[in-house]
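Visitor:
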Amino acid sequence: MHNPKQRIFIQVLIAILFIQTMISCSPEVKPVQIIPQPVKIEQKNGVYKLRGEVSIMVSAEQQDLMGLANYLSTVFETANIKTNISSIDAGSQKGKGIYLTIDPNLERAEEYKLEITRKRIIISAASARGVFYGIQSLRQLLPAEIENEAFANQIREIEIPCLVLKDYPAFAYRGMHLDVARHFFPVSFIKKYLDLMALHKMNHFHWHLTEDQGWRIEIKQYPRLTQIGSIRKETLIGHGGVQPFQFDGKPYGGYYTQEEVREIVKYAEDRFITIIPEIEMPGHSRAALAAYPELGCTGGPYEVATRWGVFDDVFCAGNEKVFGFLENVLSEVIELFPSKLIHIGGDECPKTRWKKCPKCQDRIKKEKLADEYELQSYFIHRIENFLLTKDRNIIGWDEILEGGLTPNATVMSWRGTEGGIAAAKVKQQVIMTPGSHCYFDHYQADPATQPLAIGGMTTLEKVYSFNPIPNELTREESEYVLGAQGNVWTEYMKTPAHVEYMAYPRAIALAEVLWTPREQHNYVDFTQRLIKHLNRLDMINVNYFKEPVK
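Counting in numbering that gives the first Met the number 0, the sequence shown runs from 0 upward without gaps.
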């Protein structure tokens with residue numbers, strides 16, 4: 000052993016073995032699994048241990064965060080973890096606990112930073128909204144069992160991995176839609192729907208409130224809208240495209256009072272979700288016409304539709320009373336919803352009645368319009384101009400592009416992405432929601448194994464592959480694409496459980512598409528995180544689609 004080279008070799012070998020032993024004995028740093036995938040995660044050694052009691056602290060100068068401190072405390076309540084909420088001096092973050100703070104150095108409105116050490120957890124953000132999203136990420140680092148009282152009582156200690164997480168969304172508009180007109184859902188479910196959106200950092204809820212098959216919002220000036228328009232005499236059995244039609248013979252109805260609407264709007268605001276109400280016009284209006292038949296071209300009688308589809312009877316574009324009616328309705332809607340955007344539909348409006356209606360034809364002549372399509376543009380423009388006087392802007396399905404719009408209007412592109420591309424090229428704001436990737440009423444697996452649906456096939460992987468920015472747009476044009484939205488049309492969804500089954504986990508895939516930078520999208524990695532995340536949905540009692548992730 001006097002050979003120097005041999006001695007050095009043995010020393011190096013011993014050093015390598017020592018390092019390997021130290022590594023194998025060090026605590027394992029488990030990968031952090033959050034959905035949507037954050038922009039940047041830097042994991043550290045160690046854990047923050049939480050047991051029995053936790054302090055939540057807010058700077059005395061940032062008392063607007065107290066509501067979020069109370070929200071966070073409810074996350075721990077289920078597991079019988081007591082919370083002490085207190086104000087502290089600005090910059091004082093020395094004791095053990097959770098700190099919520101506004102950091103002016105973070106520039107993006109929804110950006111947040113989550114720092115976890117052995118002694119403290121700090122959620123800092125540019126705004127309260129960002130702090131809320133930081134809370135959602137922290138929530139996903141907690142055991143899923145904390146969501147359910149039946150299991151949470153078994154938790155004795157919680158270990159939260161140490162890390163530094165920096166995060167912000169790729170798109171400003173991250174939406175989910177729900178049709179409550181074909182089938183009505185209780186206030187409790189609407190709140191659950193909003194809670195699920197919040198968990199996945201979605202921030203816009205498009206509430207489809209009126210249709211041919213039902214009017215679902217109380218309008219005090221027009222009580223017959225809910226007395227008559229909210230109830231259909233029966234409902235189609237089976238698929239709407241299969242004849243002969245069969246019906247169940249059972250009256251079906253329901254609507255939200257204005258007080259319930261205010262309650263839901265406040266619930267959404269507390270979760271930083273903007274609710275965009277939709278009042279359909281000029282088509283999809285049979286329920287309104289059943290209540291006020293003088294608003295149609297023929298004068299009726301009309302009845303609330305009992306099957307699905309597109310119907311010829313629409314609001315009469317030549318009748319001045321129609322515009323007075325809609326302006327009054329929208330005035331009440333505006334009082335209920337703070338949203339800057341008011342959805343006016345604008346899709347699937349047949350021109351059959353207008354072609355034969357003397358009032359509509361007279362309107363075409365007086366306004367020097369070319370045809371019934373320009374008459375629809377005239378209709379939309381009048382409603383748009385009215386909403387502008389109320390400091391609101393219209394949003395509508397891509398048919399509203401026909402005839403041109405003001406720069407303040409937003410286009411929701413559903414018939415593919417072509418409408419969105421056309422709108423963005425003329426500097427019109429766009430929300431992408433093409434049926435190919437964003438319609439969650441489509442089948443998600445072999446139809447032979449699934450409940451009845453409208454058709455189509457939109458798998459989880461297909462949703463995840465969606466890119467809201469079409470290749471046809473330049474970088475400048477793509478700035479007009481605000482984001483995207485998942486649509487849940489409920490012709491074939493009678494229960495909250497069925498809505499959950501169709502929306503989840505596809506809505507989770509869309510949430511990651513809209514939050515996480517495109518270059519970080521990885522479907523295999525997403526599905527691995529999703530498998531664990533589904534346990535959290537189990538704890539929240541979500542009836543999601545349970546077939547193996549592919």
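Virtual Cβ for every residue (Gly too), placed ideally from N, Cα, C.
Note that the structure is a prediction, hence the values are computed from the model and not measured.
Rounded to whole angstroms, how far is the Cβ of Tyr221 from the Cβ of Val321, which I believe are closer than 8 angstroms?
Guide: Actually they do not touch by this definition, with Cβ atoms about 12 angstroms apart.
Visitor: Which residues in the same chain have their Cβ closer than 7 angstroms to the Cβ of Asn104, if we skip the five residues on either side of it in sequence?
Guide: For Asn104, where only same-chain residues beyond five positions count, there are no Cβ hits under 7 angstroms.
Visitor: Using a Cβ-Cβ cut-off of 6 angstroms (strictly less than) and excluding sequence neighbours within five positions of Ala489, which residues of its own chain qualify?
Guide: Strictly speaking, residue 489 in this sequence is Thr, with Ala absent from that position. So the list reads Asp178, Arg181 and His182, once near-sequence residues are dropped.
Visitor: Classify Ser85 as buried or exposed, calling it buried when 16 or more other Cβ atoms lie within 10 Å of its own Cβ.
Guide: Flag for Ser85 reads exposed.
Visitor: Spatial neighbours of Cys296 within its chain, please: C-beta separation below 6 angstroms, excluding the five flanking residues on both sides.
Guide: Counting only Cβ-Cβ distances below 6 angstroms, and skipping sequence neighbours, we find Cys315, Arg352 and Cys356.
Visitor: Looking at Ile40 and Leu164, is the spacing between their C-beta atoms short of 8 angstroms?
Guide: Yes.
Visitor: Check each candidate in Ala68, Val462, Pro446 and Lys118 and name the one with the smallest Cα separation from His520.
Guide: The shortest C-alpha separation from His520 is found at Val462.
Visitor: Should Pro26 go down as buried or exposed, given a rule of 16 or more other Cβ atoms within 10 Å for buried?
Guide: Low per-residue confidence applies at Pro26: pLDDT is 48, beneath 50, and the placement is therefore not dependable enough to give any value.
Visitor: Closest to Arg474 by CA distance: which of Tyr192, Ala423, Asn534 and Pro300 is it?
Guide: Of the candidates Tyr192, Ala423, Asn534 and Pro300, the one whose C-alpha sits nearest the C-alpha of Arg474 is Ala423.
Visitor: Whole angstroms are fine: how far does the CA of Glu52 sit from the CA of Ala59?
Guide: Distance between the alpha carbons of Ala59 and Glu52 is about 22 angstroms.
Visitor: According to the Cβ coordinates, are Ile115 and Ile145 closer than 8 angstroms?
Guide: Taking 8 angstroms as the Cβ cut-off, Ile115 and Ile145 do not qualify as a contacting pair.
Visitor: From Glu167 to Leu224, what distance separates their C-alpha atoms?
Guide: Contrary to the premise, residue 167 reads as Tyr rather than Glu in this sequence. In a straight line, the C-alpha of Tyr167 is about 43 angstroms away from that of Leu224.
Visitor: Among Glu106, Arg117, Ile80 and Ile216, whose alpha-carbon lies nearest the alpha-carbon of Ala151?
Guide: With distances taken between Cα atoms, Ala151 lies closest to Ile80.
Visitor: Do you know offhand how far Tyr491's Cα is from Ala452's?
Guide: Cα-Cα distance, rounded: 6 angstroms.
Visitor: Return the chain-ordered list of same chain residues with a C-beta closer than 7 angstroms to the C-beta of Glu546, the five sequence neighbours on each side being excluded.
Guide: Answer for Glu546: Ala444, listed in chain order.
Visitor: According to DSSP, is Ile122 part of a helix, a strand, or is it coil?
Guide: Ile122 falls in the strand class under three-state DSSP.
Visitor: Under three-state DSSP, which class holds Ile7?
Guide: Residue placement at Ile7 is flagged as unreliable, the pLDDT there being 48, under the threshold of 50; the coordinate-derived value follows with that caveat. In this structure, Ile7 counts as helix in the three-state DSSP scheme.
Visitor: Mapping DSSP to helix, strand and coil, what is Gln212?
Guide: Coil.
Visitor: Any chance you could list the alpha helix (DSSP H) runs of at least 4 consecutive residues sitting entirely within the segment 447 to 528, in chain order?
Guide: Runs found: 459 to 463, 474 to 477, 495 to 502 and 505 to 514.
Visitor: Check each candidate in Met501, Leu472 and Ala483 and name the one with the smallest Cα separation from Pro450.
Guide: Comparing Cα-Cα distances from Pro450 to each of Met501, Leu472 and Ala483, the minimum goes to Met501.
Visitor: Tell me whether the beta-carbon of Val38 lies closer than 8 angstroms to the beta-carbon of Pro516.
Guide: A contact, by the Cβ cut-off of 8 angstroms.
Visitor: Can you tell me where the beta strand (DSSP E) holding Leu99 begins and where it ends?
Guide: First-last of the beta strand (DSSP E) with Leu99: Gly96 to Ile101.
Visitor: For Ser23, I'd like the list of residues in its chain whose CB is within less than 6 angstroms of its CB, leaving aside the five on either flank, ordered along the chain.
Guide: Annotation note: pLDDT 36 at Ser23 (below 50); position unreliable, no value reported.
Visitor: In or out: Asn318 buried (at least 16 other Cβ within 10 Å) or exposed?
Guide: Asn318 is buried by the Cβ-count criterion.
Visitor: If we call anything under 8 angstroms between Cβ atoms a contact, is Val429 one with Leu387?
Guide: Contact: no.
Visitor: Quick one: measure Cβ to Cβ for Tyr132 and Tyr98, integer angstroms, because I've assumed they're closer than 8 angstroms.
Guide: Rounded, the Cβ-Cβ distance is 16 angstroms, inconsistent with contact.
Visitor: Straight-line CA distance for Arg107 to Ala125?
Guide: Taking the straight line from one Cα to the other gives about 7 angstroms.
Visitor: Just the Cα atoms here: how many angstroms apart are Pro281 and Val31?
Guide: C-alpha separation (whole angstroms): 49 angstroms.
Visitor: Taking Gly253 as the reference, give the member of His342, Gly213 and Phe324 with the closest Cα.
Guide: Checked all of His342, Gly213 and Phe324; the closest Cα to Gly253 is Gly213.
Visitor: Return the first residue and the last residue of the beta strand (DSSP E) that Glu262 is part of.
Guide: Per DSSP, Glu262 belongs to no beta strand (DSSP E); it is in the alpha helix (DSSP H), Gln257 to Glu268.
Visitor: Please go through the segment 382 to 442 and give each complete beta strand (DSSP E) segment of 3 or more residues, from N-terminal end onward.
Guide: The qualifying runs are 392 to 396, 409 to 412 and 428 to 431.
Visitor: If we ignore side chains and look at the alpha-carbon of each, how far apart do Asp346 and Glu371 end up?
Guide: Those two C-alpha atoms are separated by around 14 angstroms.
Visitor: Measuring CB atoms only, is the segment 182 to 198 touching the segment 265 to 278, in the sense that at least three cross pairs come out at less than 8 angstroms?
Guide: Yes: at least three Cβ pairs fall under 8 angstroms.
Visitor: Quick check: what's the CA-CA separation for Val498 versus Ile341?
Guide: Spanning the two alpha carbons is a distance of roughly 24 angstroms.
Visitor: Sorted by chain position, which residues of the same chain lie with C-beta nearer than 6 angstroms to Ala289's C-beta, five sequence neighbours on each side aside?
Guide: Ile227, Gly228, Tyr301, Glu302 and Val303, listed in sequence order.
Visitor: Using the Cα positions of Met21 and Leu162, report the straight-line distance between them to the nearest angstrom.
Guide: Only weak support exists for where Met21 lies, its pLDDT of 41 falling under 50; the coordinates are left without a value.
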